[in-house]
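Please read the structure below before turning to the comments.
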Amino acid sequence: MAKVTVRYWAAAKAAAGVAEEPYEAVTLADALGAVCERHPGELTRVLLRCSFLVDGDPVGTRGHETVRLADGGTVEVLPPFAGG
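If you count the sequence shown from 1, position 66 lands on 66 in my numbering, and the numbers rise without skipping.
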């Protein structure tokens, strides 16, 4: 299991009530599952609209179960942003 920091931005930060928190997970899917367990409700709904960066790289359309996490890594949770 990798120890990672999950960082929340905008609506995700508001729904989580924190800017970041640590998790232990092997894949992005594992980490997001743990996030949903810790924060059921609004954050779970917000995550459905989010994009993700893992160690600065966009996840894009890759399956979250295929995105492996590195120890000491960072997952950025990015809701859609308004404006241009």
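Where a beta carbon is used, it is the ideal one built from N, C-alpha and C, also for glycine.
Nearest-angstrom Cβ-Cβ length linking residue i and residue j, presumed shorter than 8 Å
i: Pro79; j: Val35; result: Their Cβ separation, rounded to whole angstroms, is 13 Å, which puts Pro79 and Val35 out of contact at 8 Å.
i: Leu69; j: Ala14; result: No, Leu69 and Ala14 are not in contact; Cβ-Cβ is about 24 Å, not under 8 Å.
CB of residue i within 8 Å of CB of residue j, strictly
i: Gly73; j: Val26; result: no
i: Leu125; j: Glu76; result: An answer regarding residue 125 cannot be provided, because it is not within the stretch 1 to 84 covered by the chain.
From the options, residue whose alpha carbon lies closest to that of residue i
i: Arg62; options: Glu42, Ser51, Asp71; result: Ser51
i: Glu42; options: Ala2, Met1, Ala29, Ala11; result: Ala11
i: Val59; options: Val18, Leu28, Gly17; result: Leu28
i: Gly17; options: Phe81, His39, Glu65, His64; result: His39
i: Arg7; options: Leu48, His64, Gly56; result: Gly56
i: Arg49; options: Leu32, Glu65, Glu37; result: Leu32
i: Glu65; options: Trp9, Pro22, Asp30; result: Asp30
**Every unbroken alpha helix (DSSP H) within the region 20-57, with a cutoff of 4 residues, ordered by chain** = Here the runs fully enclosed are 28-38, 42-47.
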